[in-house]
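S.K.: Sharing a structure with you now.
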Amino acid sequence: MLADRKKEWRLTPSFLQVYVSNLDEVLELALAHGAVIITKPTKEATYIHDTLLEAMKGLASWLCGRSLTHPYLS
1 MLADRKKEWR LTPSFLQVYV SNLDEVLELA LAHGAVIITK PTKEATYIHD
51 TLLEAMKGLA SWLCGRSLTH PYLS
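Read in full-length UniProt numbering, the sequence shown has 27 at position 27, and its numbers run on one by one without any break.
This is the structure:
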């Protein structure tokens with residue numbers, strides 16, 4: 001989720017990841033338009049993402065199967 005910062009909010013660093021199926025093409029296009037690579041894409045990052053995604057799916061499934069008044073959710 002992205003949002004504009006209100007003046008009274010302090011600055012907070014963020015980390016935004018965008019996943020695309022055609023990484024090489026998108027990266028080439030971004031570089032052609034002046035982008036700068038800070039961290040090169042790696043297979044390890046994909047593995048970490050996939051592992052975290054599966055864990056989040058499991059958590060979402062667990063939460064959706066529970067009542068919002070469940071003691072562990074309050």
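Where a beta carbon is used, it is the ideal one built from N, C-alpha and C, also for glycine.
1) If you draw a straight line from the C-alpha of residue 79 to the C-alpha of Leu16, how long is it?
2) Note down the Cα distance separating Glu25 from Ile37, rounded to an integer number of angstroms.
3) Quick one: give me the first and last residue of the alpha helix (DSSP H) that Ala32 is part of.
4) Rounding to the nearest angstrom, what Cα-Cα distance links Leu63 and Val20 in this structure?
M.R.: Per the coordinate set shown:
1) Here the chain covers residues 1 to 74 and nothing more, so residue 79 does not appear.
2) The sequence position of residue 25 within the sequence shown is 25, counting from 1. The sequence position of residue 37 within the sequence shown is 37, counting from 1. Going from the Cα of Glu25 to the Cα of Ile37 covers about 14 Å.
3) Numbered from 1 along the sequence shown, position 32 holds the residue referred to as residue 32. Its alpha helix (DSSP H) spans residues 23-32.
4) For the purposes of this step, residue 63 is taken as residue 63 along the sequence shown, with counting starting at 1. For the purposes of this step, residue 20 is taken as residue 20 along the sequence shown, with counting starting at 1. One C-alpha to the other measures close to 28 Å.
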